[in-house]
Every structure is written in structure tokens, then in C-alpha cells.
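Visitor: Using my numbering, the first residue of the sequence shown is number 580, and each one after it goes up by one.
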Amino acid sequence: MLMTRPHAASRSFVASLPKNLLARLKPVYNPLIKIISLKYGVSISNTEAAIFTSMNGVIHGPKGNGQKAYCVGAATTQIALEHGWAAHMYGETAEAFLSNLINNPPALDLIHLSGIHTRGNIASQLMQNGLKTKNVAVYDQITQHLKKDVNQLILSGAQMLVPLFSPRTSKQFSIQVPRAPSLQLVALSQAVAQNLDTTSYAGVIIVTAPTAAAMQSAISLWVEGQPA
580 MLMTRPHAAS
590 RSFVASLPKN
600 LLARLKPVYN
610 PLIKIISLKY
620 GVSISNTEAA
630 IFTSMNGVIH
640 GPKGNGQKAY
650 CVGAATTQIA
660 LEHGWAAHMY
670 GETAEAFLSN
680 LINNPPALDL
690 IHLSGIHTRG
700 NIASQLMQNG
710 LKTKNVAVYD
720 QITQHLKKDV
730 NQLILSGAQM
740 LVPLFSPRTS
750 KQFSIQVPRA
760 PSLQLVALSQ
770 AVAQNLDTTS
780 YAGVIIVTAP
790 TAAAMQSAIS
800 LWVEGQPA
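1) My parser needs the alpha helix (DSSP H) runs of 4 or more residues fully inside the region 669 to 722; what are they?
2) Please report how far the alpha carbon of Gly782 lies from the alpha carbon of Gln763, in whole angstroms.
3) Express the C-alpha separation of Pro806 and Ala648 in angstroms, rounding to a whole number.
4) From the DSSP output, in three-state form, read off His639 for me.
5) If you draw a straight line from the C-alpha of Arg747 to the C-alpha of Thr778, how long is it?
6) Under the three-state reduction of DSSP, which class applies to Ile785: helix, strand or coil?
7) Ser753 and Asn774 look like a contact to me (Cβ under 8 angstroms); what is the Cβ gap, rounded to whole Å?
8) Below 8 angstroms, can you find three or more Cβ-Cβ pairs linking the region 668 to 683 to the region 638 to 654?
9) Going by CA-CA distance only, name the one from Ser749, Ile784, Tyr780 that's closest to Val771.
10) Closer than 6 angstroms by C-beta to Ile681: which residues in its own chain qualify, once you throw out the five before and the five after it? Chain order, please.
11) What's the gap between the Cα of Leu689 and the Cα of Gly663?
12) How would you call Ile721, buried or exposed, if buried means at least 16 neighbouring beta carbons within 10 angstroms?
13) Under 7 angstroms between the Cβ atoms of Ser589 and Tyr608?
14) What is the DSSP secondary structure of Gln773, counted as helix, strand or coil?
15) Going by DSSP, what residue range makes up the beta strand (DSSP E) through Met739?
16) Hey, out of Thr790, Asp728, Pro641, whose CA is closest to Leu767's CA?
17) May I ask which residues mark the beginning and end of the alpha helix (DSSP H) holding Ser591?
18) Is Leu732 helix, strand or coil when you go by DSSP?
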């Protein structure tokens with residue numbers, strides 16, 4: 580199983596897998612994205628609220644002091660709570676988040692603490708719907724290359740499972756591995772899958788919900804369908 584997330588996130592996900600499932604997988608770690616904190620002095624006043632669409636936004640942003648934060652996904656919401664924010668989940672996807680926030684606008688100015696590379700134009704869409712919002716990048720996502728031994732493993736035709744968790748990672752993967760019939764890809768969402776040519780791989784599974792639990796379930800179902 581090729582893990583392409585940043586090291587900490589990859590190892591955390593693998594550690595969460597049940598032992599009986601992990602016994603049938605051999606994790607190979609090769610992050611395609613490296614997260615770099617931008618170290619900007621960002622502060623959120625009591626008349627403002629934060630928007631977090633990723634855990635990295637929380638980790639590399641300022642600590643909360645009880646200020647409100649509107650989040651995408653349960654995992655990001657939980658991390659925000661642990662970092663001192665009065666965090667509320669407003670949707671599992673960016674689309675659901677935007678709909679809920681636009682239909683229930685807060686009486687606060689909003690600051691989207693994100694990476695340099697974002698998708699969906701969260702701040703501009705909220706501005707277009709009357710919510711005063713600005714975007715502040717607090718981390719960068721630097722693309723990385725596949726290691727030589729991992730490339731050789733792919734070229735050997737070895738059967739491999741590749742979970743992909745973000746659109747930026749799937750795009751980078753498709754550039755570096757445009758065709759590999761022995762690889763089974765698992766995409767966290769349709770947005771992740773849209774960068775992949777399904778005919779170039781053994782298959783592309785899209786999980787039922789953009790959560791770690793749903794990804795784990797999809798991996799488990801695939802493994803159960805393989806010869807022991």
C-alpha cells in the first residue's frame with residue numbers, strides 16, 4: 580500500500596487500521612506533498628471567526644482562545660477544538676460547508692486559514708454571497724517526487740493499493756504515474772478522483788464519504804476481495 584500523504588498523516592492513518600487488515604498490507608511511504616509552515620503572525624480578534632478546511636490550517640495557524648471556527652469535516656473540527664477554538668463542523672465537504680454557512684451567516688468577519696494552494700475559492704464565494712471574508716495562507720504544499728525504489732516497484736508490475744486523500748496529491752500522482760495497470764487507486768472524494776484517468780490503472784474507487792473511516796472501509800472491502 581503506497582502512502583502519499585505527508586509522513587505524519589500517513590503514519591497516523593496506517594496506525595488506525597485494524598491489525599487484521601494491516602497484516603495483509605505492506606505500507607510503503609513516499610509523500611508527494613511536503614507541508615511547510617509560513618510562520619506568518621496571524622491573529623483572530625473577537626469580532627472575527629476562523630474558517631478551517633483542512634487540519635493543516637489549524638496546525639499551522641494561530642492557537643485559538645475560544646474564538647469561533649467553522650470547519651469542514653469531523654477530523655478538522657476535532658483538531659480545532661484541541662487547539663483552543665470553539666469549533667463547529669459545517670459540512671463534510673467544501674460544497675456542503677459553503678451551503679450551510681451561506682444559509683446560516685454568522686455576525687462575524689471570516690478569515691479562511693489555508694494553504695497557498697486551495698480549491699473551491701471559499702473566500703471569494705462567501706464574499707459573493709455577502710459574507711465579509713478574507714483568505715490568509717498559513718502553510719505551503721511543496722510537491723515531491725516518487726523515490727527511485729518506489730518507481731521501480733511500480734514498473735515491476737507489483738499489485739499495489741494507493742489511497743489518495745487530496746486533489747493536489749492525486750494530480751501530482753497522475754503526472755508521475757500516468758499509467759500503471761497493476762495499481763488500484765482509492766480516492767477520498769470525487770474531487771480527488773477527477774484528476775485520475777480510470778482507464779490507466781486497475782481501477783479507481785471513490786469512497787462513500789470524505790472521511791478516514793470511509794477510506795478505511797473502502798480499503799478493507801478491496802483487501803477482502805483479494806486472494807489471501
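Where is the CB? At the ideal position from N, CA and C, for every residue including glycine.
Guide: Well, looking at it:
1) Within the region 669 to 722, the complete alpha helix (DSSP H) runs of at least 4 residues are 673 to 682, 701 to 707.
2) Whole-angstrom Cα-Cα distance: 5 angstroms.
3) For the pair Ala648 and Pro806, the Cα-to-Cα distance works out to about 46 angstroms.
4) Three-state result, His639: helix.
5) Our two residues, Arg747 and Thr778, have alpha carbons roughly 20 angstroms apart in a direct line.
6) Strand at Ile785.
7) The pair is a contact, with the Cβ atoms about 5 angstroms apart (cut-off 8 angstroms).
8) Yes, the region 668 to 683 touches the region 638 to 654.
9) Comparing alpha carbon positions, the residue from Ser749, Ile784, Tyr780 closest to Val771 is Ser749.
10) Take Ile681, set aside five residues on each side of it, and the residues of its chain with a beta-carbon closer than 6 angstroms to its own are Asn708, in chain order.
11) Their Cα atoms are separated by approximately 17 angstroms.
12) Residue environment analysis places Ile721 among the exposed positions, since fewer than 16 neighbouring C-beta atoms fall within 10 angstroms of its C-beta.
13) Yes, the pair counts as a contact, with Cβ atoms nearer than the cut-off.
14) Of the three classes helix, strand and coil, the one that applies to Gln773 here is coil, per DSSP.
15) Residues 739 to 743.
16) Selected option, being the one with the closest Cα: Thr790.
17) Its alpha helix (DSSP H) spans residues 586 to 595.
18) Shown here, Leu732 sits in a helix according to DSSP, grouped into three states.
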